[in-house]
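Q: Please see the structure below; I have some questions.
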Amino acid sequence: MPSYVYLLECRDGTLYCGWTNDLRARLADHQGGR
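Heads up: the sequence shown begins at 1 in my numbering, then just goes up one per residue.
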């Protein structure tokens with residue numbers, strides 16, 4: 001199973017770095033505030 005490292009820009013301009021095995025689910029979680 002592939003793993004992903006990602007960098008997201010938050011609404012306040014800060015950057016959030018993380019990793020996941022399910023990029024779509026993690027993005028949905030992030031957008032939902034989790």
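Every residue gets a Cβ at the ideal spot worked out from N, C-alpha and C, and that includes glycine.
Keep in mind it's a predicted model, so treat the numbers as computed, not measured.
Just how far apart, CA to CA, sit R34 and D22?
A: Within the sequence shown, residue 34 is the residue found at index 34, counting from 1. Within the sequence shown, residue 22 is the residue found at index 22, counting from 1. Taking C-alpha positions only, R34 is separated from D22 by approximately 15 Å.
Q: With the cut-off set at 8 Å, would you say H30 and L15 are in Cβ contact?
A: Translated into positions along the sequence shown, residue 30 becomes position 30. Translated into positions along the sequence shown, residue 15 becomes position 15. No, these two residues do not count as a Cβ contact at 8 Å.
Q: How long is the line joining the alpha carbons of A12 and M1, rounded to whole angstroms?
A: Here residue 12 refers to the residue found at position 12 when the sequence shown is read from its first residue. Here residue 1 refers to the residue found at position 1 when the sequence shown is read from its first residue. The amino acid at residue 12 is misidentified as Ala; the sequence shows Asp. Here the alpha carbon of D12 sits roughly 33 Å from the alpha carbon of M1.
Q: Can you list, in chain order, the residues of its chain whose CB lies under 6 Å from that of R26, leaving out five sequence neighbours each side?
A: Numbered from 1 along the sequence shown, position 26 holds the residue referred to as residue 26. Taken in chain order, the residues that qualify are T20.
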